[in-house]
Amino acid sequence: MKHYLSILLLLGLGITSCTTAPKDAEVSECIHTDPLIEVTTPQQPEWTKDATIYEVNVRHHTPEGTFAAFTEDIPRIKEMGIDILWLMPVHPISVEKRKQSADELGSPYSIHDYRAVNPDMGTIEDFDAMVAKAHELDMKLIIDWVPNHTGWDHAWITEHPEYYTKNEAGEIIDPLDPATCASWGWTDVADLNYDNMEMRQAMIDEMVYWIKDRNIDGFRCDVAHNVPSDFWDAAVQELHKVKDVFMLAEAEKASIAPAFDMSYGWGFHHLMKEVLEGEKPKEAFYESIQQFDKDFGAAHYTMMFTTNHDENAWAGPMIERYGDACRALDVIAFTFSGMPLVYSGQEAGLDRRLEFFVKDTIDWKNYDLQGFYTDLLKLKKANPALYNGQYGADPEPLEIEGGEDLFAFTRKKEGNEVIVAVNFGEEGLFFESPVPADYTLQIGEVVEEGDLTGLDKYGYAVWTKN
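For our numbering, add 8 to where a residue sits in the sequence shown, where the first one is 1.
Structure, rendered in structure tokens:
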């Protein structure tokens, strides 16, 4: 089991107040404060030191959209260098107030039953076989968990209406933005009330079921920052009584981080585009990671990504957001710091938005980028300097002459050294080579002219010490 350090945090973040949308009939303000509680900071298990994570959109991943069909693809994903499979919600989707018509799929984040699997994806036996295959290949499998809300036809709506947030008229409401107390517009789901201690225990029981009875290895927790910190601490401690779980927060909020192994690197993700567009200097990359470590602690992982299901569906595919700089930003995300994420179809060069509420099968083409991502992930495993969090080395800037479009850094750990150079410009450039003779080019292409090294527009290169 995982070892812990116990610390005392004052968790007083996210305080807002308004009277338009009270928590329930007895509460007249939209207020939440994380109380003063004793929480635990996870010490990352060694198996995570060079791990990478793959987000699985089960219903889009194969034409069948089933667990069984996806199971057949697990060996290929393992060969890429992936260690953790994260499955988007596997539960039945509520019909009442569904975003699409009742005969269409709707949002997978509108949960009808926490203990069942979506029959469109297969049976619970199919699910178990998928988990077993992942474990056979020495992989971990975690599932999306939606603790903030349920669908409107979840059994709790009628059996335990006290589990839900209500307005002054006593009506169950959809989730609110805590900053404004206005609806997020998630009208297909009902907001859960974490002031109710019985609901909290019921939620923990549902999570324990998947760890104990279905043998999964943890959760990616949706909208984790809208759930109180003391709930997460209690829930994770109960889960660890069953097995050593891996917990990913869809959040970048320090007050909940002690209960989780990894948080989304939203700040760094958006920073990459800001640097690409000239809105922020490249030095901000270092500041971002330093601030993350200061806020979250060196033991906590940041998940690095250039796309995921939300970004693809709502902001657009990578080619739409980054243009010709896609691979350059991939190199930074996969080598600079943290644990990298690959999303279903990313290794096929997914070049369109996948539908969110209806079935939309990925066109895998010829797996055009599988070799590229495989090289990056295997590079990470082969070089301790690139390991995750405190297991790896901090990136250090390389001061070299090459123009304002050049970004170069190195990571060094116990004799292992990696150098990365990326051209953020739309034209090729040359720079004084920072690479000693005993280094080997592992990824990318360069042009050598005497003492100068050249990169094409949005070019990149990664060297390692022999």
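Glycine is no exception: its CB is placed at the ideal position from the N, C-alpha and C atoms.
In three-state terms, what does DSSP make of residue i?
i	result
T347	Going by the sequence as given, residue 347 is Met instead of Thr. Here M347 sits in strand by DSSP.
V216	helix
S36	With a pLDDT of 34 at S36, under the threshold of 50, the predicted position of this residue should be treated as unreliable, though the coordinate-derived value follows. If DSSP states are grouped into helix, strand and coil, S36 belongs with coil.
Q398	helix
S296	helix
E409	coil
G458	coil
V197	strand
D241	helix
V64	strand
A257	strand
K473	strand
F487	Nothing in the structure corresponds to residue 487, since the chain is present only between 9 and 474.
K388	helix
T56	helix
Q108	coil
H157	strand
F439	strand
F227	strand
G452	strand
L337	helix
L463	strand
So residue i and residue j are supposed to be a Cβ contact under 8 Å. How far apart are they, rounded?
i	j	result
L113	R67	7 Å
D152	P97	5 Å
F227	D134	In fact, because the Cβ distance is near 20 Å, the residues do not count as touching under 8 Å.
V428	V366	40 Å between Cβ atoms; not a contact.
L394	V426	6 Å
Y272	N396	No, Y272 and N396 are not in contact; Cβ-Cβ is about 15 Å, not under 8 Å.
D368	L377	Incorrect: roughly 20 Å between the Cβ atoms, too far for contact.
N156	L200	6 Å
A356	Y330	Incorrect: roughly 17 Å between the Cβ atoms, too far for contact.
A416	I408	6 Å
I181	I165	In fact, because the Cβ distance is near 12 Å, the residues do not count as touching under 8 Å.
G89	L385	3 Å
Residues bridged to residue i by DSSP?
i	result
M312	P348
K420	E425
V430	F415, Y468
Y272	M311
S191	L184
I507	Here the chain has residues from 9 to 474 only, and residue 507 is not among them.
K174	I180
Y447	K473
I101	I119
Could you give the distance in angstroms between the alpha-carbon of residue i and the alpha-carbon of residue j?
i	j	result
K421	T195	50 Å
F364	N175	29 Å
L358	D269	29 Å
H143	E87	14 Å
A58	K388	It is worth fixing the name first, because residue 58 is Asp in this sequence and not Ala. Rounded to whole angstroms, D58 to K388 spans 7 Å at the Cα level.
M347	L406	22 Å
I92	E456	39 Å
G436	T461	11 Å
Q354	W322	16 Å
D459	Y447	15 Å
H233	E258	8 Å
C229	A307	19 Å
A242	D136	27 Å
M215	L349	24 Å
H317	A445	42 Å
S115	V253	26 Å
K465	D413	10 Å
P289	N424	28 Å
D121	Q299	39 Å
V125	I132	6 Å
D161	A390	49 Å
N204	V103	26 Å
T418	P186	41 Å
F293	A198	38 Å
G159	G286	42 Å
Can you give me the Cβ contacts of residue i inside the same chain, cut-off strictly under 7 Å, excluding the 5 residues immediately before and after it?
i	result
I340	M280, V430
M326	T314, T315, C334
N223	V139
G73	V66, R67, D128, M129, K367
In its own chain, which residues sit with a C-beta less than 8 Å from the C-beta of residue i, not counting the 5 before and 5 after it?
i	result
P511	Absent from the structure is residue 511, since the part of the chain shown begins at 9 and ends at 474.
V64	F78, L93, W94, L95, M96, S352
F432	V283, L284, K290, A333, A336, D413, L414, F415, Y466
A210	W164, H168, Y171
Report all residues from its chain with a CB closer than 6 Å to the CB of residue i; omit the five preceding and five following residues, and keep chain order.
i	result
L149	L93, V139, A142, I224, D225
Y468	A336, V339, V430, G452
I85	Y62
K261	H233
Between residue i and the ligand GTP, is the CB less than 8 Å from at least one heavy atom?
i	result
T56	This structure lacks the ligand GTP, and indeed carries no ligand of any kind.
Is the CB of residue i under 9 Å away from at least one CB in chain B?
i	result
N65	Protein chain content of the structure displayed is limited to a single chain, and chain B is not contained in it.
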